[in-house]
Amino acid sequence: MSDERIDLHTHSTASDGTSSPQKLVQQAGAAGLQVIALTDHDTTAGWDAAAKALPPGLSLVRGAEVSCVHDGISLHLLAYLFDPQEPDLSAALDGLRRSRVGRAQEMAGKLEAAGTGVTWDRVRELAAGAVGRPHLARALVEQGHVASIAEAFTSEWIGTSGRFWVGLAEIEAVEAVRMITAAGGAAVFAHARASTRGRTVDDSVIAALAAAGLVGVEVDHVDHDERARVALTGLAADLDLVVTGGSDFHGSAKQVRLGAHGTAPAAFERLVAAASGVSVVAA
Ligand code: AMP
Ligand code: ZN
Ligand code: FE
Ligand code: FE
């Protein structure tokens, strides 16, 4: 089994992907994947639909990508196989989704006030689940201001700290690792060295997260160059962290294809063994 058959990072229309959870698992089956993790931003809303639609031969890891912050730097934690009913984590995810709505509404308001033709009503129509900047980007594409979603992520538009950008009220990363772990989940640091997305944290922060219960670091990711991969692999060995990978598939909202990046079978087994909230679903 090649690594690319275990894709541990994908998004559906439950957040800012363009494939419904049902379509996502069908696409994953057609692409020959053996394991897919559904990791929508700050929500578990796609879990049941994905599980029901699983094609033969594909297993589903139920997860989420949690919006976090540490010392003013935004970072993402992939949370796998946690109990979605656990009160503290589910309240934290609720709060993140509420913050997503408030800040998207604010960004839409600024865009509307600037005469772009983007409206909150339209953004809300485009977002079937947890709303994010890609939905605002789609509205900007529709209005002809940018040619692609990626082009909206600049200082001119809704790129981080950009003209129309409003920050999200993220949760503190060490606290998030503790909550995910307490909910029976396994926490993995997503795209930790993706410097094109903004500032990244030092190794000492990853060590602090590891001390709080972090299980792994995502190494095989489209935004990591060879240098980032080598550095993170070394750090993972030092801290005894599992090395994972995933495509961060967002359907047509991004270029990367399902299974473009993956996780080694032994690493996947370690990750599953570390979690106790919910099980892996097999068709
Ligand atoms: P948000 O979580 O609402 O702040 O939006 C962040 C999301 O925007 C990421 O998860 C990506 O899906 C998307 N994104 C960020 N940067 C880019 C980019 N340069 N091109 C396309 N999508 C992007
Ligand atoms: Zn996204
Ligand atoms: Fe992310
Ligand atoms: Fe992601």
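Each residue of the sequence shown is one higher than the one before, counting from 425 in my numbering.
We put the beta carbon where it would ideally sit given N, CA and C, even for glycine.
> So aspartate 512 is in the beta strand (DSSP E); what residue range does that whole segment cover?
Replying inline: Element bounds for aspartate 512: not the beta strand (DSSP E) but the alpha helix (DSSP H), 511-537.
> Can you tell me the Cα-Cα spacing of leucine 432 and tyrosine 504, whole angstroms?
Replying inline: Straight-line spacing of the CA atoms in leucine 432 and tyrosine 504 works out to 9 Å.
> In whole angstroms, what is the alpha-carbon distance linking arginine 681 and serine 671?
Replying inline: Note on geometry: alpha-carbon atoms of arginine 681 and serine 671 lie some 7 Å from one another.
>> Using the Cβ count rule (16 or more neighbours within 10 Å means buried), how would you classify proline 480?
In response: Here proline 480 is exposed, its C-beta having fewer than 16 other C-beta atoms within 10 Å.
> How big is the Cα-Cα spacing for glutamate 536 and valine 542?
Replying inline: About 5 Å.
>> Using C-beta distances below 8 Å, list every residue in its chain close to valine 570, excluding the 5 sequence neighbours before and after it, in chain order.
In response: Ala561, Leu564, Ala576 and Trp581.
> Does DSSP put valine 676 in a helix, a strand or coil?
Replying inline: A small correction: the amino acid at residue 676 is serine; valine does not occupy that position in the sequence shown. DSSP places serine 676 in strand when its eight states are reduced to three.
> Hey, how far is the Cα of methionine 425 from the Cα of arginine 587?
Replying inline: Confidence is the limiting factor: at methionine 425 the pLDDT is only 37, short of 50, which leaves the residue's position unreliable and the question unanswerable from this model.
> Is glutamate 489 near ligand 4, in the sense that its beta carbon is under 7 Å from a heavy atom of that ligand?
Replying inline: Yes, Cβ of glutamate 489 sits closer than 7 Å to a heavy atom of ligand 4.
>> Give me the DSSP bridge partner(s) of phenylalanine 613.
In response: According to DSSP, which records beta bridges pairwise, phenylalanine 613 is partnered with Leu501 and Val641.
> Quick one: what's got a C-beta closer than 6 Å to alanine 600's C-beta in the same chain, skipping five residues either side?
Replying inline: If the five residues before and after alanine 600 are omitted, its C-beta is found closer than 6 Å to the C-beta atoms of Val490, Cys492 and Leu501, all from its own chain and listed in chain order.
> Leaving out the 5 sequence neighbours to the left and right, which residues in its chain are closer than 6 Å to threonine 605 when beta-carbon positions are compared?
Replying inline: Excluding sequence neighbours, threonine 605 sits near Gly637.
> If you draw a straight line from the alpha carbon of arginine 546 to that of alanine 554, how long is it in whole angstroms?
Replying inline: Their Cα atoms are separated by approximately 15 Å.
>> Tell me the DSSP secondary structure of alanine 707 in three-state form.
In response: If DSSP states are grouped into helix, strand and coil, alanine 707 belongs with coil.
>> Can you list, in chain order, the residues of its chain with a C-beta nearer than 6 Å to that of isoleucine 595? Leave out the 5 residues immediately preceding and following it.
In response: So the qualifying residues of the chain are Cys492 and Ala516.
> Would a C-beta distance cut-off of 8 Å place valine 646 and alanine 684 closer than the cut-off?
Replying inline: Yes, the Cβ-Cβ distance between valine 646 and alanine 684 is below 8 Å.
> What are the uninterrupted segments assigned as beta strand (DSSP E) that are 3 or more residues long and contained completely in the stretch 441-478, given in chain order?
Replying inline: For the stretch 441-478, whole beta strand (DSSP E) runs of length 3 or above, ordered along the chain, are 459-465.
> What are the start and end residues of the beta strand (DSSP E) that includes histidine 494?
Replying inline: Annotation: the continuous beta strand (DSSP E) that includes histidine 494 extends over 483-494.
> When we look at the beta-carbon of threonine 442 and count the other beta-carbons within 10 Å, is it buried (16 or more) or exposed?
Replying inline: Buried.
> Just to check, is the beta-carbon of aspartate 647 closer than 7 Å to a non-hydrogen atom of ligand 4?
Replying inline: Aspartate 647 Cβ: outside cutoff for every heavy atom of ligand 4.
> What's the C-alpha gap between glutamate 642 and alanine 614?
Replying inline: Each residue's alpha carbon lies about 5 Å from the other.
> What three-state label does DSSP hand aspartate 649 in the structure shown?
Replying inline: Assigned with DSSP and collapsed to three states, aspartate 649 falls in coil, not helix or strand.
> Is the distance from the Cβ of aspartate 464 to the Cβ of histidine 674 below 8 Å?
Replying inline: Their beta carbons are not under 8 Å apart, which means aspartate 464 does not touch histidine 674 by this criterion.
> By the 10 Å Cβ neighbour count, where 16 or more other Cβ atoms means buried, how is threonine 467 classified, buried or exposed?
Replying inline: Classification of threonine 467: buried, given that the 10 Å Cβ count is 16 or more.
> Residues in its own chain within less than 6 Å of aspartate 662 by CB, not counting five upstream and five downstream?
Replying inline: There are no such residues.
>> Using a Cβ-based criterion (distance less than 7 Å to any ligand heavy atom), does aspartate 672 qualify as near ligand 4?
In response: Indeed, a heavy atom of ligand 4 lies less than 7 Å from the Cβ.
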